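One structure is given here, and the rest of the page talks about it.
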Amino acid sequence: MVEALIFVLMSIAAIAGGLTVVLARNPVRSAMGLLGTLFAVAVLYVVQLAHFVAAVQVIVYAGAVLILFLFVIMLIGVDTDETRDENLPWQRPVVIGIAGVIIVFAGALTLFGDFQWVPGASNAVIPEATNGTIQAIAEPLFTDWVLAFEATALLLTIAAAGAIALAHYRRKEL
Amino acid sequence: MTTPEISWLAIGPELVLAVGAALVLLIEVQWKPATRVLGSAVGASLVLAGGLTLVQWFAARDAVDAADTTSLVAFRGMILMDGFAIFGRSALLVVTALSIAAGWHFFRALGRRGAEALALVLLATAGFSIMVASNNLVMLFLGLEVGSISLYVLTGMTRENQKSDEAAIKYFLMGSFASAIFVYGVALVYAGTRELSITGISGFLDGFIVNSPSVILIGIGLMVVGLGFKVSAAPFHNWAPDVYQGAPAGIVGYMAAVAKIAGFVAIARILLTAVQEYDRAFLPVIAGIAILSMLLGSVMALVQTDVRRMLAYSGVAHAGFIMTGIVGGSSDGVLFYLAVYSVQLVGAFAVVAAVSGSGSVGSDLDKYRGMARRSPALAASFAFLLLGMAGLPLTSGFIAKFGVFADAWSAGYEWVVVIAVLASVIALAFYLRVIVIMYMDDDESARLVVPRPVRWVLGVSVAATLLWGVLPAWLLDIAADALPL
Amino acid sequence: MLTSLVLLPVVAAIVVALVPSTRKELHLPLGIALSIVPLGLAAYIFWIFEPSASLQFVDRAVWYEPWGMSWFLGVDGISLPMIVLTGVMVPIALAASKAISERTKEFVVYTLLLEAGMLGAFLAQDLFLFFVFFEVILIPMYFIIGIWGGERRVYASVKFFIFTAFGSALMLAAIIGLAFTHGSEFGVPSFAMADLMDVSLSQGTERLFFAAFALAFAIKVPLFPLHTWLPDAHVEAPTAGSVLLAAIMLKLGTYGLLRFNLALFPEASVDAVPIMGVLAVIGIIYGAVVAIVQPDLKKLVAYSSVSHLGFIVLGTFALTSGGLQGAVIQNVNHGLTTGALFLLVGMLYERRHTKQIADFGGLQKVMPVFAGFFLFMAFASIGLPGLNGFVGEFLVLIGTYATLPALAIIASFGVVLAAIYLLWAYERVFTGVPEKEENRVLKDLSVREIALLAPLAILILVIGLYPKILLDKIAPSTEAVLDHIESTTDYVTPEPGRLDHVFMSEEVGE
Amino acid sequence: MVDPGLYMAVAAVLFLIGALGMLVRRNALVMFMCIELMLNAVNLTLISAGRAMNDLNGQVAVFFILVVAAAEVVVGLAIIVAIFRRRSTASVDELNELSG
Amino acid sequence: MSSYVWLVIALPLAVAVFLHFVGRYLGEPRSGWLATLAVGSSFVIAAVAAVPFFEGGAHAETIQLWEWMPAIGASLEIQWDSLAALMTLVVTGVGTLIHIFAIGYMHGDERFHRFFTNLNFFIASMLILVLAGNYAMLFLGWELVGLCSYLLIGFWFTRPTAAAAAKKAFIVNRIGDFGFMIALMLVFTSFGTLAYTGIFERAGDVLSTGMATAIGLLILVGAAGKSAQIPLYVWLPDAMEGPTPVSALIHAATMVTAGVYVIARSAAIFELAPIASTTVATVGAITALWAATIALAQRDIKRVLAYSTISQLGYMFLAVGASAYVAGVFHLMTHAFFKALLFLGAGSVIHAMNDEQDMHKMGGLLKKMPVTGITMGVATLAIAGIPPLAGFWSKDEILASSFERGGWYAVLFIVGVVTALLTAFYMSRQWVLVFLGEPRWDDDVTPYESPRVMTAPLVVLAALTVIGGLVNTPVRTTLEHFLEPAFEGISLQHPPEGILMFVILAGVSVLAGLVGVGAAYATYRRPSESWKKFEQGLEPLWGTWLDAYRIDDVYGKLLIAPGKRAAEISAFTFDNSVIDGGVNGVGRLFSGIGERLRPFQSGYVRNYGALLLGGTIVIVMWLVAGGA
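Protein chains in written order, with our numbering: chain A, 821 to 994; chain B, 117 to 601; chain C, 470 to 979; chain D, 15 to 114; chain E, 517 to 1144.
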């Protein structure tokens, strides 16, 4: 019951945040919308017992990534409001068309297609099985997934090297 | 259960590459040596990685011969050391080596940032190498991202021109978009099967009949889109011409080739292993993508005036041809095609770089006018590679096309083959255009200076194209042995 | 032996390529000298060839086992004349290329590679191998036209390449289909002709495959209405290109129809007789009619090729011994005569730098030997008995009458038209008084040029009077083709001399 | 307990919003945020599906996707900054020199 | 001896080849004499080989030289029988004389040796034709004589008219050959061979009437081309552009009779096809009359003879069409003598007149050139059918035979008589115009008698013209006995029996001849104003005849112009625009599609995104639909 309430509230929050990202004219507002979504989704994680991931979400995403976004927004100018005019011909009708098709398709699938999100869902959900505490996560992370964990090292190396390669100008190059 | 399972051999090549990349960066920071020194580090790591790959190949063959393949499953099923992976990895390493040689001028011209570029190339190769070996969709995604992000950066590395950064942002935005779509597909397949492992999924689908498979099918579709983007299959190809044109010439061949190899190996692994159960559903779709790619790529290439854009569209068409092999349902044709095409591609872009400068943007057809007189060897190599891409007999391109067509035919997709052969005729038309300009127009411009490494690379790729066109058996045998587990 | 025949020109090409570009004067003579070697070998093979239907001098090596391809060369009565013709024409074409002053080395290399490809195509007994050669020869010819051609050479060469490649593309699909049908029937795919002849196909599939093969070959021949690449290619090509194109490359089409279509798809071939026959006859008449009014001498000869090759196709699909023998021997004949005519036009062009008929007139006065050769070749082309063209056309016509009387009659009219276009052209170019100043100073043929034409003239005469030297070796193979068709279909070769035949078959037809 | 399917439906909506946002926004930064939205939707899907099937791997996968997102952000922002430095704009509509 | 018959062909051929390469060095008279020697030797060999036939009872022999096209039963083989022997003797005999004449006539021509090369080659070809043992080889000779005719008509190639005439001759002949080739196809299909021996013996068993008629009519088409019969005669008048010995040899004495020969040769087939025979006779009779009317008005000395030849060939067709094969061949022979004589005489005149051919510019030449004049006079009387000259016997036999045949042939008989009258008139007109009356020649012309080398053949031919007819008179049918073995099993048409009928019929034709000769003499003996008035009085008929019924214009307008137009439309409109336009259109289509699609690659990343997402949706929907 509590879960349902939280689910409804947070879902609304997440979607509202998402819409803000898309619809706000000022990038700062978009970033704020994204922040809202991130938090709301984090709450939905928690509700589903994904504690560790929720924490990471808040720390890494909301804490670091979003700040980075804001920095860049500030760097390249907060006042770059977008107009609502669409300057590409056909872009808007096409987007509306795509959206329409997706919605119709999703509706049809739900109503007539015997669609199940999780066809293999077990009847008895055992909360302990997916209680994503640090301990619980850590075990697969460092056994089954150890290689993936190592691979993230590559990713971060690239991010660092790439950012330097792209954005770091030596003095004489400016 | 609490100890991780480490198989050094299985990740040996990637490890070597990553260490190599780190070394390059460190040496650069510490000693700021000549690029040549970095090059030898890079070369050493490539050679070592190649050696390890060879060891893997023999290990894999022994295991298959002994009918005990457990040793080929590493890191608790996270990655595999099967022939499929090793073939893809070998192709990646060869392409990397050739590309670095061909683009050597580019790296040198980058000055101090050459080290970063070299490191990124090595890391990208490592990433894609992980990708081809992955037996886990998330692992695969990680490898994909390691590779892709490196490529985004490499695209934007030159600062001399504005188009390079346009290409980078386009590539980055669309690539991330496609990655997001791909990983959503992974999530949906996970929702449908409770598995992230490829062999796990196939085992699951073998054992259970999913009553409502829509979620899996949507997931498959999204993964196909994500990977289709990487291999620049239509209609996800738009980025390719712009990026090929805008990215530094010295690195385009590499970007194009590795993305295709890794992308197609992943597609083949996922479709032909993991979700093979649904082939009746997805093969027509793949056939559709193949046909659209072949036709669109060929027709669009016909009207290009820039060789790089032309090659990009031809790449779209080639994606379609390789897809035809996927439609055929067997992987050996695809692997052979990837091997020969990527070698040709690197060679062709080596020529482009030689003609228009390695850091340049675009490569107008006019620059090739009368090249047969100014630089006969270069023109002849380029012409030969183009004919190889066009699939003329006695080039590897013909055998490759023949292979995928034969697969598709025997799988019952005769109509796809018919359209494919017709598309290859249209494709021929634009390759010929370049040859016409090189051979049949006169131009008194200066002779081109072809750097020695480029000559080597061209020699290798021309020789390979000819050799595999005349005596393809050994590579075909290898490709046929390189089966996914 | 056959392998070395195919590889000799390749070796020759490599040798020529190794001569440094600075020694320009060496390339052509060296090329000519080296191209004599395959001619000698071909002649030797011709000499020791036993007149029987079996494949001889077979060379076979597995190429890639799982797909069933092999390097499989062999010669029979149908391909034998073609390899000799190839051997003859290449040195002549090279020797006629003195006008090629730029990039001589490339030219010689391309020509020799072309020879290798053509020889390979005629010798291949494996469809995959055949396709490889069939397609590969486009490249050197494409360069020959495109680099050393006339003003619209690029257009012509690209058109030539794409058009032909288009045809062979569908054939490739059919070849794949055929090989894998063999695979599903016998367990292993195979591309060997002998194996594929055993494949049983459904009627629909057989017809589709037949159509794919026929399209490829019809474009190559070329059969109306797929012929428009030919005049362009001929007009723009340098002399050697035209000669080799007309003399040998086009023959791959007619050869293919005879060797592959009839043998692989007997049922469909029998069914397709009316269509192919009608197209052939349209080609005969249409090509001739169009040739009449051509203002360009070379184009005229090109269209005459369209007309003449129609006879070959007609003879092939007559499905009688006369028709088939006529078709094979006409392959040679057309190669010699039209090749010679192109040589002559080329020699004229070298002197006068124009091919427009209107630019000439009265040339017999200033270059009588040239005129004599031209007239000789023209009459050979017209089908004057005693010269080779007659033997082929007459066999074809007589052979065709037994099965396709109406078409044979219409086709005979092509013989009249041939006289019209060639003699009219001769009249305008050679007779009268040379009025134009440029024409009055033209030099007659040099000894070198005579030496090029004389062998052809002799061959034309020999074949015209004693075709047995060819027919004896051809006949067993063509009979074997007919036997194969008869044994696999209901078709019965009409036996001339039996009163009932003509009337019976017409009644049955109704 | 709320049906995991509902979570996933919400995720799908978020994904759709992000995807469509990619098409309507021309500020590269905002487009980038849209991608973050999409990745969030993916994560939510994984967690919900894993929960429905009593499988922890979904959550582990989310961890990696988060890392990927972070890495992408770094590089992406670097590219945007680089472009901005040179062109003083972050609007992708002004980047259309490469076309045809 | 007959085993050496091949030498008959080989000698002239060898000399032709020899002269072709060496003639230039041999010089003027020698090459001519060498050629003559070859033909003369052939004549001798043939005569010796023909002895058995004179003795009677000898049968045909077939001598195979070598296999040619085994698939259709065609070898190069000689059939040596009396018909062949007769033809060989005529060809080589007349040929020898004409060769001799030509040595004088062609004197001074820079291509003298070439002329004899071609002439000898012609003799060889003609002998191939007549000696052939099968239709294929006959066709070989048939075409080779056509080639020689082409070469020799166009001998003076710098004259555009000569070149055009040569081409015309060959092409018109080809149209005839078209029919002939189809005939051969029918023959082969029916018999499975083209060899005479396999055909004529079995013709009755194998051929239905319909098939025999078809073959017969098609042979007629071929024969009409070669022998210049309606409607294919138009080439022969133009062929007079060639040197006069050529006209005499090829276009009067030998080649043009090949049509008659081939019909006679195929008698066994025509025997089975009455309709075909009748058609042959009718075509012959109509041609005879038609050409005779044209000949009436000609002013060119050679054209008169040309139309006269056509007309006389018509007689021969009438004969063979009436199954009077012997009569036909007989006339062929006598005609060879007197027409060769006429042509050579005309040549002599032309030579003397500095190549003037217009009879209006001649007159009174008898005094200047008595030998020519007298010999030509003999020939004129012979062709007019005045006894006892050769022409009388042969022509009379034809007319009498067709009269005897009766029915439709009786009508043809009347046509023949009328033609005889016209023949006598125009030939006499010619002789009178040329040799009598006041000289009308141009000032710079000084006529003189030709040298001995030219007049000698005239005399020999004149002698033959006088006595040649005696080989086959109603009293003594030597020729018929001679030819009989060749027509074994054929029911030959004979003139009516009995001396009375002979006298009556001969009287009719002689009367016609005399009337013609007399009328012409009366008209043209008088001064030119007078006969010019006479000719004008016959307008517009006379003009029409002079213009040969403007048949060339008709053909030009009805056949050639539309044909050329059609060719031009095919070549420049249809081929270029429709077919090639289609081909290039396909090419343009693809690049057009490419150009149209280029805007979609707009460079706007959001467009790309839309395409990506749109494609995703389509693929997902397709997959779900396909998997459900």
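Where is the CB? At the ideal position from N, CA and C, for every residue including glycine. From a predicted model like this one, the values you see are computed outputs, not experimental measurements.
Distances from the alpha-carbon of Trp220 of chain B to those of B:Pro120, B:Ala150, B:Leu267 put B:Ala150 closest. Ala183 of chain B and Phe174 of chain B have their C-alpha atoms spaced approximately 14 Å apart. Listed along chain B is no residue with a C-beta nearer than 9 Å to that of Leu28 of chain D; the closest approach is about 10 Å. Along the length of the segment 780-817 of chain E, whole alpha helix (DSSP H) runs at least 4 residues long occupy 783-786, 790-813, reported in chain order. Inside the segment 764-800 of chain C, DSSP marks whole alpha helix (DSSP H) runs of 4 or more residues at positions 766-787, from first to last along the chain. For Glu530 of chain B, the number of other beta carbons within 10 angstroms of its own is at least 16, and it is reported as buried.
Bounds of the beta strand (DSSP E) holding Ile579 of chain E are 577-585.
Contacts between Arg40 of chain D and chain B, judged by CB atoms closer than 8 Å, are missing: the closest CB pair is about 11 Å apart. Contact between Ile826 of chain E and Leu937 of chain E does not hold, since the beta-carbon distance rounds to 17 Å and is not under 8 Å. Residues of chain B whose Cβ lies closer than 7 Å to the Cβ of Asp107 of chain D do not exist; the shortest such Cβ separation is about 12 Å. For Ser641 of chain E, no Cβ of chain B is located within less than 8 Å of the residue's own Cβ. The C-alpha of Ala834 of chain A is placed about 6 Å away from the C-alpha of Val861 of chain A. Within the segment 305-326 of chain B, the residues whose Cβ lies closer than 8 Å to any Cβ of chain D are, in chain order, Tyr306, Ala307, Arg310, Leu312. Pairwise C-beta distances place the segment 731-742 of chain C out of contact with the segment 704-720 of chain C, as fewer than three of them are shorter than 8 Å.
DSSP places Phe541 of chain C within a strand segment (E or B) once states are collapsed to three. Taking 8 Å as the CB threshold, Arg192 of chain B lines the interface with chain A. Just measuring C-alpha positions, the residue of E:Thr773, E:Leu952, E:Tyr651 sitting nearest Ser591 of chain E is E:Tyr651. Counting along the chain, the unbroken beta strand (DSSP E) around Trp532 of chain C starts and ends at 525-533.
A distance below 7 Å between beta-carbons, with the five flanking residues on each side excluded, links Thr989 of chain E to the following residues of its chain, in chain order: Trp909. With a threshold of 8 Å between beta carbons, Ser1086 of chain E makes no contact with chain D.
Burial is judged here by how many other beta carbons sit within 10 angstroms of a residue's own beta carbon; Gly657 of chain E has at least 16 and is buried.
In chain order, Ser518, Val521, Ala565, Ala576, Glu577, Thr578, Ile579, Leu647 place their CB closer than 8 Å to the CB of Trp596 of chain E, counting only its own chain and leaving out the 5 sequence neighbours on each side. Counting only runs that start and end inside the segment 338-410 of chain B, the alpha helix (DSSP H) elements of at least 4 residues fall at 355-362, 365-385. Around the C-beta of Phe324 of chain B, fewer than 16 other C-beta atoms lie within 10 Å, and the residue is accordingly described as exposed.
With a threshold of 8 Å between beta carbons, Ile94 of chain D makes contact with chain A.
Positions of the beta strand (DSSP E) runs, each at least 3 residues long and wholly inside the segment 809-841 of chain C, cannot be given because no such run exists. For the options B:Ile202, B:Thr186, B:Arg563, the alpha carbon positioned closest to that of Pro129 of chain B is the one of B:Ile202. Excluding five sequence positions before and after Val171 of chain B, the CB atoms of its chain that fall closer than 8 Å to its own CB belong to Leu125, Gly128, given in chain order. The C-beta of Val880 of chain A comes no closer than 8 Å to any C-beta of chain B. The beta carbon of Glu970 of chain A sits no closer than 8 Å to any beta carbon of chain D. If you ignore the 5 residues before and after Leu977 of chain E, its C-beta comes within less than 8 Å of the C-beta of Val610, Leu613, Phe853, Phe854, Ala856, Leu857, Leu860, Thr891, Ala895, all in its own chain and listed in chain order.
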